[in-house]
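Q: Each residue of the sequence shown is one higher than the one before, counting from 630 in this note's numbering.
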Amino acid sequence: MLNSIFNPRSVAIIGASRDEKKVGHAILKNLISSGYRGKIYPVNPQAEEILGIRCYKSLKEINMPVELVVVCVPPAFTLQVIKEAIDIQVKAAVIITAGFKETGPEGAKLEEEIKKIAKDKIKIVGPNCLGVINTSNGLNATFASITPPGGRVSLFSQSGALGAVILELSYSKNIGIAKFISLGNKMDVTEIDCLEYFMKDPDTDVILGYIEDVTDGKKFLEVAKKLTKIKPVILIKAGGTKYGARAASSHTGALAGSDVAFDTASKQAGLIRAKGIDEFFFYGIGLAKKKLLDGNRLLIITNAGGPGILAADACEKNGFELPVLSKETIEALKEKLPKNASLYNPVDIIGDADAERYKFVLEKVINEENIDGIMIILTAQAMTEVEKVAEIIIEKDRKTSKPIFCCFMGDIKVKKAYEMFQANNIPAFPYPEATVSVFKKLYDFSRWKKRPLQEPIDEFGDIKKEEAYMLMSKFISKKNFQIKDSLAMEFLSCYGLKFPKRGFAKTPQEAVEVAKQIGYPVVMKVSSPEILHKTEVGGVKLNLKNDEEVEKAFLEITINAKKAMHDVFIEGVNIYQMVKAHRELIVGASYDRTFGHMIAVGLGGIYVEVLNDISFRIVPISKTEAYEMISELKAYKILKGIRGEKPVDIDAVVEVLLRISQLLKDFPQIIELDINPLACFEKEVLGLDARIIISDNLFNN
């Protein structure tokens, strides 16, 4: 799809300029200086030639096949340029020009017009973008100040300015770039198109991307899951703070901001998310090596105790083990290392270590069976042979499948070593913590790559789908968009979710009769469409053991509610079987505008938003993903049973998650759902309260 953008046989620059300060001049100059091997056609009706190349007054005057046009004219002329390009069958366009939807309604209208006429006729990058680069054919159709060195990393960026900065940094860090594309307003070509193209691109080993929004969440997930089984994808995602998250009225919705949705999608798709530019490059360098980390056992070799300790601390925080070397290896090290050297892990070969000492230790440990990866720390002392140590590491790295990461600390004294590492594709980082962090991302990617793709669970056979549809139709016809208490439980029961015995009463006398039928003790809760949190208005009474207590509770609940909310409409009181939970969870769902429904499980009860111990997934989910959600909770060890306590029924919680996943697939109009608390016992789980919110415009996407 993007081949005409990255591999055009000819490029026309519309708005090529003799003025060195104009974008049209910079792009033409970059195309020439980068050694582009195709035909170049500058278009400028006021010039005969620019930079020694003949100019044309219009696209049609070229009278030769043009595969890609780069548009640098003002917005008012852009529509006509695209029409002309379509007329002469140009395959792709890069609209550098700004002044479209990012400027307001008028610009948005013009952009929409271009999009309409271009559909299915010409592929468009931009508008409001930096351009495109392909180092393999010398294409630099950008106005960036430099052409990056060639390499195996491809990059897309929604921000042109940030893209220019990243290109400059890649040049200064000698990180080779295969292809670069600036997406701008994403009128046509999106991040999804880039992922699909780079997945099949033989020149690309690692993909880096900066995005501010995702065009189509479902398609993005689908493509990313396939791609990350082949190549690592590292993303910076901006615009996901709480200020960008939508307001939500339920517990689950309040906990599920937009950044949570992107994090969840990244986890499920095997994407690696960087928090900043440093991580962005560090992760790219580490994963470009193409060596996998087969286990979590690392060995640290250092000539300084402090950095070794920092590395060891970082390893423990990131879930790595530091195994002790074999007896034979330790004995061999003892013979040649100084007496004050540490022979365990980290292996501290002390500050006066020369290149031969590094070589000796590396040769002895590199084939240790209980070591999966090696981290080499060097601090440059007066006697340290920095470049010689680098040469030894480069040589040994070629002979092992184990990843070797270096941490040469300092500045001027280690600069040459970093150049050597970059030239030989050896991952090297300035600090121990950063080095371990990259090891962690490599380990995560290695496990993800070997993990089979997860398929959502098949539909449960006992679901009463027709009954659920009838109930939903009734809610909609009555404009009941907030379904609570017994109605919510009735609906959820159609999908096999279990709740205590329950009933409804409008008078104290009715309440007594219902309580007798359920059996004491009982719980009573106020029923009102206007009361969101019943406990806060005194609308809940627990452990009622007889008729007198029930009658009294009915009066107190209704009076409390009226005092708290004077004009509130009270339907009556819901009465439930009293259940004392072994443990309490919350299970719920919310709707994200980008990725669709997210399902959640966490520590429940009244403290859910304070403790924030919750795990999310985009639906539909597989059984494996449901188990992973539970195991991610800080409370997981408590659920499994500690200090002789009995465990809760984890399998039953998993089944609840899978049934809700199926429910959300069948009823996309549900935008929020809570079962809180979900009472968990040793052999079953029961929902004690439930709430569902459905969309009043019934979107079905």
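Using N, Cα and C, we set each Cβ at its ideal position, and we do this for glycine too.
Taking buried to mean at least 16 other C-beta atoms within 10 Å of its own C-beta, is Y826 buried or exposed?
A: buried
Q: Buried or exposed: which applies to G913, given that a residue is buried once 16 or more other Cβ atoms fall within 10 Å of its Cβ?
A: buried
Q: Could you spell out the range, first to last residue, of the alpha helix (DSSP H) harbouring T1215?
A: Note that residue 1215 is Ile in the sequence shown here, rather than Thr. Careful: I1215 lies outside any alpha helix (DSSP H), inside the beta strand (DSSP E) at 1212-1221.
Q: Write down the C-beta distance between V835 and R781 rounded to the nearest angstrom, noting that I regard them as a contact closer than 8 Å.
A: 7 Å
Q: Thinking F1068 and G1002 are a contact (beta carbons under 8 Å), I'd like their distance in whole angstroms, please.
A: The beta-carbon separation of F1068 and G1002, rounded to 6 Å, stays under the 8 Å limit for a contact.
Q: Is the number of C-beta pairs between the stretch 933-949 and the stretch 1020-1035 that are closer than 8 Å three or more?
A: no
Q: Measure the Cβ-Cβ separation of V723 and G667 and say whether it is below 8 Å.
A: If you check the CB distance, V723 and G667 do not come in under 8 Å.
Q: Classify H1369 as helix, strand or coil using the three-state DSSP reduction.
A: Any answer about residue 1369 is impossible in this case: the structure gives the chain only from 630 up to 1330.
Q: Just mark P967 as buried or exposed, buried being the case when its beta carbon has 16 or more other beta carbons within 10 Å.
A: exposed
Q: Taking the C-alpha atoms as reference points, what is the distance between P777 and I1033?
A: 26 Å
Q: State yes or no: is the C-beta of N803 within less than 8 Å of the C-beta of E1048?
A: yes
Q: Express the C-alpha separation of P1306 and C823 in angstroms, rounding to a whole number.
A: Their Cα atoms are separated by approximately 43 Å.
Q: Quick check: L812 and S786, are their CB atoms within less than 8 Å of each other?
A: Pairing L812 with S786 gives a Cβ-Cβ distance under 8 Å.
Q: Which residue or residues does DSSP assign as beta-bridge partners of C758?
A: Paired residue(s): none; C758 is not in a bridge.
Q: Helix, strand or coil for V1169, going by three-state DSSP, please let me know.
A: Under the three-state reduction of DSSP, V1169 is assigned to strand.
Q: Looking only at its chain, what residues have a beta carbon closer than 6 Å to the beta carbon of L972, apart from the 5 residues adjacent to it on each side?
A: I959, L962
Q: So is R1272 buried or exposed if we call it buried at 16+ other beta carbons inside 10 Å?
A: exposed
Q: Going by C-alpha distance, which of L850, G868, T1223, G846 is nearest Y839?
A: G868
Q: What number of angstroms, rounded off, separates the C-alpha of L605 from the C-alpha of N1053?
A: Here the chain comprises residues numbered 630 to 1330, so residue 605 is not present and cannot be evaluated.
Q: Note down, in chain order, each residue of its chain lying with its Cβ closer than 6 Å to the Cβ of K920, except the 5 sequence neighbours on either side.
A: P1032
Q: Would you report the Cα separation of R647 and L680, rounded to the nearest angstrom?
A: 8 Å
Q: If I follow the unbroken beta strand (DSSP E) through I1023, where does it start and stop?
A: Element bounds for I1023: not the beta strand (DSSP E) but the alpha helix (DSSP H), 1015-1026.
Q: Ignoring anything shorter than 4 residues, give me the alpha helix (DSSP H) runs that lie fully in the stretch 1079-1150, in order along the chain.
A: DSSP runs (the alpha helix (DSSP H)) wholly in the stretch 1079-1150: 1094-1106, 1114-1122, 1137-1147.
Q: Distance, Cα to Cα, F910 vs S801?
A: 12 Å
Q: Exposed or buried, which one is E690 when buried takes at least 16 other CB atoms within 10 Å?
A: Its Cβ having fewer than 16 others within 10 Å, E690 is exposed.
Q: In the DSSP assignment, what residue or residues form a beta bridge with E602?
A: With the chain represented from 630 up to 1330, any question about residue 602 goes unanswered, as that position is not in the structure.
Q: May I ask you to report which of helix, strand or coil DSSP gives R666?
A: coil
Q: Pick out whichever of Y685, K748, S1066, A645 has its Cα sitting closest to the Cα of I661.
A: Nearest C-alpha to I661: A645.
Q: Would you decide whether S879 is buried or exposed? Buried here means 16 or more other CB atoms lie within 10 Å of its CB.
A: In this prediction, S879 scores a pLDDT of 42, lower than 50, which makes its location untrustworthy; no coordinate-derived value is stated.
Q: If we ignore side chains and look at the alpha-carbon of each, how far apart do K1312 and Y1265 end up?
A: If you take the alpha carbons of K1312 and Y1265, they lie about 17 Å apart.
Q: Mapping the DSSP letters down to three states, classify V852 as helix, strand or coil.
A: helix
Q: Checking 8 Å against the spacing of the C-beta atoms, do V1018 and A984 come in under that value?
A: yes
Q: Examine the Cβ distances between the stretch 1128-1140 and the stretch 1224-1231 and report whether three or more of them are shorter than 8 Å.
A: no
Q: DSSP on N763, reduced to helix/strand/coil?
A: strand
Q: Taking 7 Å as the cut-off, is the C-beta of V1216 nearer than that to any heavy atom in the ligand GDP?
A: With respect to the ligand GDP, the structure shown offers nothing to examine, as it has no ligands at all.
Q: Helix, strand or coil: how does DSSP classify G882 here?
A: Model confidence at G882 stands at a pLDDT of 39, short of 50, so the residue's coordinates are unreliable; what they give is reported in the following sentence. Helix.
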